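J.: Take this structure, written in structure tokens, and hold onto it; I'll ask about it next.
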Amino acid sequence: MQLNTASRAWKPLPPGNVTLNGVPYESWPSNISGDATLSWSHRNRVTQGPGTLLVPQDVAGAYALEGSVTVEVLVGGVMKRSWPGLTSTSKIYTEAQRRIDDADPTKPVQFRIKPVNGTFTGTVRTTPEFTMVLSQAFGAPDVDYPPIHLPAGVANLNGLAMMDTNTFVVVTSQRHDTLNLMGTTQQRPPSRLITVTSAGISNLSGSSSLTGLVNGDAGASRFLNSMSCVVDSSGNFFVIDNDSALRRIDSSGNATTWLDLSAYAGDFSRGYGHLQGAIGSLTIDASDNLYVFTNYTRQILKITPAKAISILAGGWAVGEGNGTLVDGTGTSARFSFGCQLAADAVGNLFVQELVGGGVFDGTLRYCTAAGVVTTLKDRSGEGIGQMAVIGSDVYYSGYFDRYFGDGHLGVNKCTPAGVVSTLVRWVPTMGAPGAVLGIAHLSKDPGGFLAFCGYGPTQGNPLVGKISSGGVISQVWAGS
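Residue numbers (the numbering used here): 2 to 481.
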């Protein structure tokens with residue numbers, strides 16, 4: 002077949018041999034780490050090819066450029082940057098520029114390449130989508146937060162909540178007392194609640210040296226081993242203490258035993274020794290409904306502000322063993338021991354199965370407000386740690402020094418549909434200034450995105466900080 006044309010094309014040919022970080026078009030990557038380098042070869046409608054033969058678009062070779070090239074960057078389908086008049090054969094879109102262009106690190110990126118010659122614009126090439134996995138970018142400590150040292154001897158960070166966007170409330174434990182459990186001497190750390198602000202740290206409730214389950218004002222109150230921490234819409238904090246006591250602490254530090262959950266604690270002998278208390282996790286929704294996980298009866302309890310208790314999901318029967326996962330509705334669902342919970346505004350829950358080497362370590366599940374339980378992601382080498390829900394998505398960290406299976410610590414996001422993406426990753430460096438070696442707890446920051454408490458810059462040193470929606474960590478306060 003012969004095709005006769007009146008003349009050659011007037012418009013410039015689009016660039017050929019388009020690559021992303023050296024990877025050719027036909028093998029275009031779905032995600033990259035670090036900067037994105039777009040490269041191409043010039044093509045020329047006059048000089049390229051022998052005689053009048055048509056030349057494949059991505060044939061190897063370099064030719065004289067006609068005019069110039071315009072490169073545009075689209076993030077989530079919206080154009081964010083444009084570089085007109087380029088005469089080179091590459092352009093770098095940096096990780097820093099990506100952070101600035103859109104705060105959501107999960108949105109896909111595309112390049113659009115336009116050949117321009119005078120008043121003519123040739124065929125525009127739009128690349129496939131890809132995601133830029135943003136590495137850790139430690140921000141300078143917030144200017145409102147000078148370095149503040151934790152009192153000597155603090156051993157554990159047991160919970161975190163935000164009093165407001167400028168005030169962290171951390172549940173800590175310090176001195177260790179001995180406690181006899183089932184004939185075995187164990188260590189039980191007394192706890193207290195401290196606040197961290199720009200003015201320094203202060204005691205909110207409890208004692209650093211005296212233990213007990215004592216209600217009273219900030220100075221008189223005593224705690225045994227408080228775990229988890231949430232705050233309601235009135236500024237009251239709730240913690241789990243002494244395995245099954247749900248205690249409330251107001252903003253002045255006055256502590257009361259709000260609810261005794263010992264009737265729901267179950268049989269201690271069905272647990273995994275003394276690893277966790279009878280009530281293992283606590284979360285709250287926007288209507289101030291509390292949700293707890295009972296370790297020995299394997300149930301999620303819903304507790305209304307009026308203290309009405311109902312079983313949302315889960316259960317255990319004789320002969321089922323300690324670790325059978327079953328999706329289902331209400332009491333037909335089954336969980337393992339030691340689940341962590343995180344609620345969205347309307348009472349849908351993300352459920353993280355046993356951490357610390359358990360057979361289901363890393364399994365993430367979803368429980369709707371109606372009690373329907375499904376599995377979002379099974380065990381995949383990720384030690385899921387603490388969680389916080391922003392909107393309808395959950396953000397979760399690697400559990401202390403449990404890496405994400407690739408030598409990195411970080412924070413991932415998972416949607417209710419089970420789609421996992423990365424907010425931030427980094428390689429922990431022992432002794433490096435500003436390093437975060439582990440995240441112990443995550444919390445929603447009412448004035449920002451995420452708050453956390455963890456460990457660094459040397460192993461065992463506690464710190465608190467914030468993580469922006471763009472994945473930038475600012476260390477706010479570090480213990481000595």
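Note that CB positions come from ideal geometry on N, CA and C, so glycine has one too.
Predicted, not measured: the structure shown is a model, and the values here were computed from it.
(1) Helix, strand or coil: how does DSSP classify glycine 331 here?
(2) If I measure Cβ to Cβ from alanine 370 and keep anything under 7 Å in the same chain, skipping five residues before and after, which residues do I get?
(3) Secondary structure at glycine 184, three-state DSSP: helix, strand or coil?
(4) If you run the structure through DSSP and keep just helix, strand and coil, what is arginine 299?
(5) Please confirm whether serine 192 and alanine 256 have their CB atoms less than 7 Å apart.
(6) Does the segment 95-102 come within contact of the segment 116-127, defined as at least 3 CB pairs closer than 8 Å?
(7) Near histidine 442, what residues of its chain come up, given a Cβ to Cβ distance below 7 Å and the 5 sequence neighbours on each side ignored?
(8) Along the chain, where does the beta strand (DSSP E) that runs through aspartate 105 open and close?
(9) Cβ atoms of valine 412 and valine 420: under 7 Å apart, would you say?
(10) Check each candidate in Val327, Pro116 and Pro30 and name the one with the smallest Cα separation from valine 125.
(11) Using CA coordinates, which residue listed in Trp317, Leu21, Ala318 and Ile195 is at the minimum distance from serine 91?
(12) From which residue to which residue does the beta strand (DSSP E) around tyrosine 367 run?
(13) Classify serine 327 as buried or exposed, calling it buried when 16 or more other Cβ atoms lie within 10 Å of its own Cβ.
(14) Are phenylalanine 169 and valine 197 touching if we call contact CB-CB under 7 Å?
(15) With the cut-off set at 7 Å, would you say threonine 325 and glycine 372 are in Cβ contact?
(16) Grouping DSSP H, G and I as helix and E and B as strand, with all else coil, what is tyrosine 94?
(17) Near glycine 77, which residues of its chain fall below 8 Å by C-beta distance, leaving aside the five closest residues on each side in sequence?
(18) Determine the burial state of serine 227: buried for a count of at least 16 other Cβ atoms within 10 Å of its Cβ, exposed for fewer.
(19) Please determine, among Ile468, Gly471 and Pro447, the residue with the shortest C-alpha to C-alpha distance to asparagine 167.
(20) Quick one: using the 10 Å Cβ neighbour count with 16 as the cut-off for buried, is glutamate 321 buried or exposed?
(21) Since I believe serine 245 is in contact with leucine 225 (beta carbons under 8 Å), could you give me their beta-carbon distance rounded to a whole number of angstroms?
(22) Let's see if you can read the secondary structure: which residues bound the beta strand (DSSP E) around leucine 281?
(23) Run through DSSP, which three-state label would glutamate 27 get?
T.: If we stick to the structure as given:
(1) helix
(2) Val347, Gly348 and Asn349
(3) Only weak support is given to the placement of glycine 184: the predicted model assigns it a pLDDT of 44, under 50, and the question is left unresolved by the model.
(4) coil
(5) no
(6) no
(7) Leu158, Gly160, Leu161, Gln387, Phe453 and Cys454
(8) No beta strand (DSSP E) holds aspartate 105; DSSP gives it neither H nor E.
(9) no
(10) Pro116
(11) Leu21
(12) 365-368
(13) First, the residue type needs correcting, since residue 327 is valine and not serine in the sequence shown. Exposed, because fewer than 16 other Cβ atoms sit within 10 Å of the Cβ of valine 327.
(14) yes
(15) no
(16) strand
(17) Asp103, Asp105, Lys108 and Pro109
(18) buried
(19) Pro447
(20) exposed
(21) Actually they do not touch by this definition, with Cβ atoms about 11 Å apart.
(22) As written in the sequence, residue 281 is glycine, which differs from the leucine given in the question. Its beta strand (DSSP E) spans residues 280-285.
(23) helix
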